[in-house]
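Asker: Chains as they are written, first to last, in our numbering: chain L, 2 to 309; chain P, 27 to 281; chain R, 16 to 390. C-beta: ideal position from N, C-alpha, C; glycine also. None of the values given here were measured: they were computed from a predicted structure. So that we are looking at the same thing, I have put the structure below in C-alpha cells.
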Amino acid sequence: MFNTVFPYLLSGISVGGQYALIAIGYTMVYGILRLINFAHGDVFMVAGIIMVYMVASGVVPLWLCIPLVLVLTAAIGFVIERVAYKPLRTAPRMSAMISAIGVSYTLQNLVLYITGGLNQIYPTIPWISGSVTIFGATTKMVTVITPVLTLVLVIALVFLINHTKIGMAMRAVSKDFETSQLMGININFVISATFVIGTFLAGVASLLYFTNYTTVIQTSGAMPGLKAFVAAVFGGIGSIPGAVVGAFIIGIAENIIKGLDIILFKAGLLKGPAGLATFSDAFTFALLIIILAVKPTGLFGEKTTDKV
Amino acid sequence: MSDHVLEISNLTMRFGGVVAVDNFSMSIDKGEIVALIGPNGAGKTTAFNAVTGVYTPTAGKIRLLGQDITGKRPDQITARGIARTFQNIRLFSGMTVFENVLTAHHLRRTSNLFSATFRLNAAEEKSQRADTEQLLRYIGLYDLKDEMATSLPYGKQRLLEIVRALATKPKLLLLDEPAAGMNPQETDELGSMIRRIRDEFQLTVFIIEHHMNLVMDISDRIYVIEFGKQIAEGVPEEIQNNPAVIAAYLGVDDE
Amino acid sequence: MSELQQPRKKPDRASILSVIIIAAVYIAVFIAEQIIPPTSMLFTVLKKGATYALVAVSMNLLNGFTGIFSLGQAGFMLIGAYVYGIFTIPVSARMDVYQYYSGGIVQFTVPVFVAMILAGLAAALFAFLIGLPVLRLKSDYLAIATLGFAEIIRALFQWDKLGPVTNGSNMLRLFPNFNDFNIRSASGEVTVYLSTLVPMLISGFCIALIVLLIRSTYGRALRAIKDDEIAAEAMGIRLASHKRTAFCVSSFFAGVGGAMLAMYQNTVQAKSFTTAMTYEILLIVVIGGIGSVTGSCLSSFLFVACSEWWLRFLDQKQVIGNFEVPLLRNGFRLVVFSIIIMIVVLFFRRGIMGTKELPDLFRRRRKTPNGGESA
C-alpha cells in the first residue's frame, strides 16, 4: 500500500511546494490591494519562457541565467503593477480585476506570438534535474529540493515581514490602507515591494515546476495560477502560513487523485478503472467552494466585519 | 398586546465587547411623531438598524402592530410596513429621480418574472408610474424627475429618500437625520412636511435628529439615549428641562 | 439588436429610428446572403458575432446590471452546447459519434429549437444549484467560485463514466448546424440562404427578451441591487431571490449561446470551454461598456471581426514595395488586440457605449453621464 501511494504523495508534496511559492504572491497582493491578481500565474509562465530563451541564446552561462531570470521576473511584476494596477487604485474593485484579466490575456498572447504556440522544452538544470531514489521511489532531485527550499524561503519571508521596516510597513498597509498612508508610509513603495517579492517567488517556483514538467507553453501558467490562488483562499487569504498549508494540501490531494484509480484498485476497493483522474483539477475547485461555503475566511483567515 | 405601532422591548445590540444598545425599551402609538436623540455614538442608528433588520438583535424583542419582527430580513420588515431613510444617503446612483421612486414600488407588485418581462402587467406598471408621479409632485421634485438622483443638491436628495420610502406604502416611517446637510429654511420646511405626510399618509413617524429646534417642534414624545441606555423620555418640554439630558449634551464640566 | 420598446407610451423618434436601423441590418444580411458567396468571412463574423453577442449580453445582465461579478459563463455555455448536441445528433449517426460507447444511451432526437430551449433550461438548472452556495459570497470570492464551478463542470463532462451520455473526452459532432437553416430544393440545391440570418434572429430574439427583462420592474430591482444592496433591501427587494433569478436567466441564455456555438463550430468538446473563453467574453463586455446591451452587441461583432477577419493581415508577412513590414507573423494580431484591450481597460473604462443604448444616441445629450431609461 505504502509503495503504491508514496510516489504520488512525493510528487504531491513537490507540486504543493511550487504552488505555495506562487500562492504567496496572490495572498500578499490580495492582503494589501484586495485584488485577485489573475495575471500572477502568467508571470510564472513568462519566467519559464524567459529561461528557455535565455539558455537557448547561448550567450549567458546557465548558472547566471537563474539569478537573471529571477530578477527579470521581479521586474515584470513591478512593471505590471505600475502600468496596469496603479492607475486603477481608486477605481471600483471590478476594474482592477478586469485589468488583471487583461494583463493575463496580454501575456499569454505575447508568449503565443514569440513561441508560435509551440511547446518549449525547458532547459535541464544540472543536479536538480538528476534522479534520486528514496524509499524505493525514483524521482527527480527537484521533487526533494522543492519542499525544503519552499520552507526556507517562507521562513525568510516571515522573518522579513515580522522583523524589518518594510515588513512592518506591509503589515500596516494590509491592515488599513488609508491610515498607513496618513502615517507617512510610502504606499507605492510598499505595493511595489509586495509585487517584487511575489513575482520573485513565482520565478523560483517556475524553475522548480518546469524542471519537473519540462515543457512551457503560453497556457502553462493558467492552471497552476488558479490552483495557487485557491490555496491562498483555502488557507485564509492574506495569511502566508495559510497559503503554504493550503498549497501543500491541494498539491498532495490532486496527485493522490491522479493515482486514485490505481490506489483503490490495489487496495481492492475498485474493480476496474473509474477515470477519477479526470477530477484531479476539479477537486481543487470543489475544495474551494466547500471552504467558501463553510468558512469563507479560510483556515487561518481573520474575520472581518462590514460596516453599514 | 396594545395598539402600539412599534414596540421595542429590552433591545440589546452587542458587537464583540462593545454594547451599542443596552436593554432599551420604547413604544410608539399610531399617528405619533417620536424622536430618538442622544449624543454622537449613543446607539441611535444601531437601534434603527435593529428595527429594520439590518442587524439581528443580540437580545430583546421588536414588534410591529403586535407582530414579532425580531430577526426578520430587512425586505420582510419593509414588506410588513416599516420604511426608512439613511443617515448617509443611499439613493440608487445609476437611476433617475423617477426611477428611484418607481423601484420602491417593486415590493407591492403582483406580477411575476414572466408577466413583467412580457408586459402582461401593463396596468400595474401604469398605476405605479402614476403613483410615482403623484408622490414626486406632492413633495415638489416632479420637475427634477429625469435628473440623476445623485446629481441633486443634498437637501433634495434627503427629500427624495423620504418619497422613496413613502412609495413602499409604510405604516411606520423611520427617518435617520433627515435634516442633516439642510439649510435653516429647508429644515423649517422639512418640519412642516413631516407633519403633513404623517397626516395625509396616516403614518407613524420615528425620527433620529440632531437639529433640536426641529425635534422640539414636531415631536409628540422624545426618547434620549446615551451609551446605548435610555436616560430620559417625555414630551419636548420635559426633555428640555431634564437635567440628565442637559448633562449628556453639554457635558457636566464642559465650558 | 436592442429593440428598446417602451410599451407604456407612444414610441418616440429615437426608438423608431432604432427599430428601423435594426430591421435594416437584418434585411441587409438577408440580401447579402443571397448574393455573396457563403464562404465569405462576412458570414463567419456575423454567425460567431451573433453567438458571442448573446453570451456577452447574458454576462452583462449579471456583471453590468445586477452587480454580480460571475466568471462561470464558459461552464454554462458548455452545458448548453452539450445538451444541444446530445439531443440532436441523428440516431443513425450515433454509432459513429459514440464509437467507444456503443452508440451511447440517448437514442432519440428532439427538434433543433426544442433542443436549444433544453440547452438553456439545463444551464439554468445548474445555475440554480450552483447559486445556492455561491451567490452569498462577496464580489471577488464569487468570481473565483463561479470560475471554479465552470472548471468542475468541464471535468465532469469529460469523465469517462458519463461517456454514454457525453461521449467522454471525445467530441460530439454530426448534429444539425447553421447550414441546416438554408432552404434546399428537392435536388439538394440551396434556394434560399438563411444560415446567417436565422442565428442572428435567434440571438436578436433572445437579446430582446433580456432587454425586456432589464426594462421591467425586475430589471429596476436588479439595478437597485447593483447600486446599493442595503438600500435595495430596505426598499423591500429580496436580495437572494433576485440575484438567483438574474443568475438563472443569465445562465439560460448562456446555455442557448452555447448551443449556438456548437452549431457554429460543428463540433463540441468539453476541453475547449476554458476560463480563457470566459475572459474573452468578459473583455467583450468591458469593451462594449459594462451596463450597455447595445455596447455588448457592437463589441461582439467588432471583436469577432477583428480577430477573425480585419486583423488577419497582421498574422501574415506583408511587403510594401521592397519593404517587409517587421513583426508581422502568426500571433501578432492577438498581441495588437491585447494592447487595444488594455488601452480600453485602462483609459476608456466606460467602453464604447458606457451605459448608453442605441436609442440614446438619437436623443439630445442629457446632463448626466448615465443613459439608462430616459423618459
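#1: Pick helix, strand or coil for MET278 of chain R, following the three-state DSSP scheme.
#2: Compare the Cα-Cα distances from PHE136 of chain L to each of L:PRO8, L:VAL295 and L:SER130 and report the closest residue.
#3: State whether the stretch 280-297 of chain L contacts the stretch 146-160 of chain R, with contact taken as three or more CB pairs (one from each stretch) at a distance under 8 Å.
#4: Using 7 Å as the limit for Cβ to Cβ distance, is LEU152 of chain R near chain P?
#5: Would GLU203 of chain P be called buried (16 or more neighbouring beta carbons within 10 Å of its own) or exposed?
#6: Assuming SER315 of chain R and ALA71 of chain R make a contact with CB atoms under 8 Å, what is their CB distance in whole Å?
#7: In three-state terms, what does DSSP make of THR220 of chain L?
#8: By DSSP, does LEU271 of chain L sit in helix, in strand, or in coil?
#9: Once you ignore the five residues that flank SER15 of chain L on each side, which residues in its own chain have a CB closer than 6 Å to its CB?
#10: Nearest to VAL98 of chain R by CA position, among R:GLY203, R:LEU86 and R:LEU276, is which residue?
#11: Could you give the distance in angstroms between the alpha-carbon of ILE245 of chain R and the alpha-carbon of MET29 of chain L?
#12: Using a Cβ cut-off of 9 Å, pull out every chain R residue sitting near LEU113 of chain L, in sequence order please.
#13: Does any residue of chain P bring its CB to less than 7 Å from the CB of ASP375 of chain R?
#14: Between PHE178 of chain L and chain R, is there a C-beta pair that is closer than 7 Å?
#15: Taking 6 Å as the limit between beta carbons, can you name the residues of its chain near PHE41 of chain P, skipping five residues before and five after?
#16: Nearest CA to the CA of ASP282 of chain L: which residue from L:GLU255, L:LEU265, L:PHE266 and L:LEU261?
#17: Taking Cβ to Cβ, would you say GLY146 of chain R is nearer than 7 Å to PHE262 of chain R?
#18: On the three-state DSSP scale, how would you describe ALA193 of chain P?
#19: Suppose the cutoff is 6 Å on Cβ atoms and the five residues either side in sequence are ignored; what does the same chain contact list for ALA275 of chain L look like?
#20: The stretch 210-234 of chain R: which residues have C-beta closer than 7 Å to a C-beta of chain P, in chain order?
#21: Anything in chain R within Cβ reach of ILE23 of chain L, meaning under 9 Å, just list it in chain order.
#22: Does the stretch 106-118 of chain P touch the stretch 190-200 of chain P, meaning 3 or more C-beta pairs lie closer than 8 Å?
#23: For the alpha helix (DSSP H) holding GLU173 of chain P, just list the boundary residues, first then last.
#24: Buried or exposed: THR151 of chain L, going by 16 or more other Cβ atoms within 10 Å of its Cβ?
#25: Apart from the five residues just before and just after ARG222 of chain P, which ones in its own chain have a Cβ nearer than 7 Å to its Cβ?
#26: Between the Cα of PHE318 of chain R and those of R:ARG348, R:ASN337, R:PHE338 and R:TYR113, spot the shortest distance and give me the residue it belongs to.
#27: Going by DSSP in three states, ASN337 of chain R sits in which element: helix, strand or coil?
#28: According to DSSP, is ILE14 of chain L part of a helix, a strand, or is it coil?
#29: I believe VAL197 of chain L touches ILE186 of chain L by the beta-carbon criterion, under 8 Å. Please report the beta-carbon distance rounded to the nearest angstrom.
#30: Does the Cβ of VAL60 of chain L have 16 or more other Cβ atoms within 10 Å, making it buried, or fewer, making it exposed?
#31: For VAL56 of chain L, which residues of its own chain have a beta-carbon under 8 Å away from its beta-carbon, when the five flanking residues on both sides are left out?
#32: For PRO100 of chain P, which residues from the same chain have a beta carbon less than 8 Å from its beta carbon, with the 5 sequence-adjacent residues on both sides left out?
#33: Can you tell me which of the three DSSP states GLU259 of chain P falls into?
#34: State the Cα-Cα distance for the pair ARG172 of chain L and PHE190 of chain L, rounded to the nearest angstrom.
#35: Going by the CB atoms, is the gap between TYR54 of chain L and PHE230 of chain L shorter than 7 Å?
#36: Using the Cα positions of THR158 of chain P and ALA232 of chain L, report the straight-line distance between them to the nearest angstrom.
Answerer: Once the coordinates are examined:
#1: Here residue 278 of chain R is taken as the residue at index 263 of the third sequence, counted from 1. DSSP places MET278 of chain R in the helix class (H, G or I) of the three-state scheme.
#2: As a position in the first sequence, residue 136 of chain L is number 135, starting the count at 1. Nearest C-alpha to PHE136 of chain L: L:PRO8.
#3: Touching, per the Cβ criterion.
#4: The residue you call residue 152 of chain R lines up with position 137 of the third sequence. Residue-level contact check: LEU152 of chain R does not touch chain P, since none of the beta carbons of chain P fall below 7 Å from its beta carbon.
#5: Within the second sequence, numbered from 1, the residue matching residue 203 of chain P stands at position 177. Counting every other CB atom within 10 Å of its CB across the protein chains shown gives GLU203 of chain P a total of 16 or more, marking it as buried.
#6: In the third sequence, counting from the first residue as 1, residue 315 of chain R sits at position 300. In the third sequence, counting from the first residue as 1, residue 71 of chain R sits at position 56. Sure, about 5 Å apart at Cβ, within 8 Å.
#7: As a first step, residue 220 of chain L must be located in the first sequence, where it is residue number 219. The answer is coil: DSSP assigns THR220 of chain L none of H, G, I, E or B.
#8: Position 270 of the first sequence, counted from the start, is the residue given in the question as residue 271 of chain L. Coil at LEU271 of chain L, not helix or strand.
#9: Indexing the first sequence from 1 puts residue 15 of chain L at position 14. The beta carbon of SER15 of chain L sits closer than 6 Å to those of THR144 and THR147, all from its chain and outside the five residues before and after it, given in chain order.
#10: Taking the first residue of the third sequence as 1, we reach residue 98 of chain R at position 83. Per the Cα distances, R:LEU276.
#11: Numbered from its first residue, the third sequence carries residue 245 of chain R at position 230. Numbered from its first residue, the first sequence carries residue 29 of chain L at position 28. The alpha-carbon separation between ILE245 of chain R and MET29 of chain L amounts to approximately 30 Å.
#12: Taking the first residue of the first sequence as 1, we reach residue 113 of chain L at position 112. Within chain R, the residues ASN345, GLY346, LEU349 and VAL350 have their CB atoms less than 9 Å from the CB of LEU113 of chain L, given in chain order.
#13: Residue mapping note: residue 375 of chain R aligns to position 360 of the third sequence, counting from 1. Among the CB atoms of chain P, none fall inside 7 Å of the CB of ASP375 of chain R.
#14: Along the first sequence, read from residue 1 onward, the residue named residue 178 of chain L stands at position 177. Closer than 7 Å: no.
#15: Here the question's residue 41 of chain P lines up with position 15 in the second sequence. Excluding its 5 nearest sequence neighbours in each direction, PHE41 of chain P has no C-beta neighbour in its own chain below 6 Å.
#16: Reading the first sequence from its first residue, position 281 is the one you call residue 282 of chain L. With distances taken between CA atoms, ASP282 of chain L lies nearest to L:GLU255 out of L:GLU255, L:LEU265, L:PHE266 and L:LEU261.
#17: Along the third sequence, read from residue 1 onward, the residue named residue 146 of chain R stands at position 131. Along the third sequence, read from residue 1 onward, the residue named residue 262 of chain R stands at position 247. Yes. Within cutoff.
#18: Position 167 of the second sequence, counted from the start, is the residue given in the question as residue 193 of chain P. ALA193 of chain P falls in the coil class under three-state DSSP.
#19: Walking along the first sequence from the start, residue 275 of chain L turns up at place 274. Excluding positions up to five away in sequence, the list reads ASP262.
#20: Correct list: LEU224, LEU227, LEU228, SER231, THR232 and TYR233.
#21: Within the first sequence, the letter at position 22 stands for residue 23 of chain L. Neighbours of ILE23 of chain L on chain R: none; closest Cβ ~15 Å, over 9 Å.
#22: Contact between the stretch 190-200 of chain P and the stretch 106-118 of chain P is present, because at least three Cβ pairs lie under 8 Å.
#23: Taking the first residue of the second sequence as 1, we reach residue 173 of chain P at position 147. First-last for GLU173 of chain P: undefined, no H or E at that position.
#24: Taking the first sequence and counting its residues from 1, one reaches residue 151 of chain L at position 150. Counting every other CB atom within 10 Å of its CB across the protein chains shown gives THR151 of chain L a total of 16 or more, marking it as buried.
#25: Against the second sequence, residue 222 of chain P aligns to sequence position 196. Contacts found: none.
#26: Taking the first residue of the third sequence as 1, we reach residue 318 of chain R at position 303. Nearest C-alpha to PHE318 of chain R among R:ARG348, R:ASN337, R:PHE338 and R:TYR113: R:ARG348.
#27: The residue labelled residue 337 of chain R in the question sits at position 322 within the third sequence. The three-state reading of DSSP puts ASN337 of chain R in coil, since its state is none of H, G, I, E or B.
#28: The residue given as residue 14 of chain L occupies position 13 in the first sequence. Looking at ILE14 of chain L - three-state DSSP - the assignment turns out to be helix.
#29: Taking the first residue of the first sequence as 1, we reach residue 197 of chain L at position 196. Taking the first residue of the first sequence as 1, we reach residue 186 of chain L at position 185. The Cβ separation is near 17 Å, so there is no contact.
#30: For this step, residue 60 of chain L is matched to residue 59 along the first sequence. Exposed: under 16 other Cβ atoms inside 10 Å.
#31: Counted from its first residue, the first sequence places residue 56 of chain L at position 55. Exclusion of the five residues before and after VAL56 of chain L leaves LEU63, CYS66 and PRO124 as the residues of its chain whose Cβ lies within less than 8 Å of its Cβ.
#32: The count along the second sequence starts at 1 and reaches residue 100 of chain P at position 74. Closer than 8 Å at the Cβ level, and outside the excluded window around PRO100 of chain P, lie THR78, GLY79 and VAL80.
#33: Working through the second sequence from its first residue, we reach residue 259 of chain P at position 233. The answer is strand: DSSP assigns GLU259 of chain P an E or B state.
#34: Here residue 172 of chain L refers to the residue found at position 171 when the first sequence is read from its first residue. Here residue 190 of chain L refers to the residue found at position 189 when the first sequence is read from its first residue. Rounded to the nearest angstrom, the gap between the Cα atoms of ARG172 of chain L and PHE190 of chain L is 13 Å.
#35: The count along the first sequence starts at 1 and reaches residue 230 of chain L at position 229. The count along the first sequence starts at 1 and reaches residue 54 of chain L at position 53. Contact flag unset, no.
#36: As a working mapping, residue 158 of chain P is identified with position 132 in the second sequence. As a working mapping, residue 232 of chain L is identified with position 231 in the first sequence. So the alpha carbons of these two residues sit roughly 51 Å apart.
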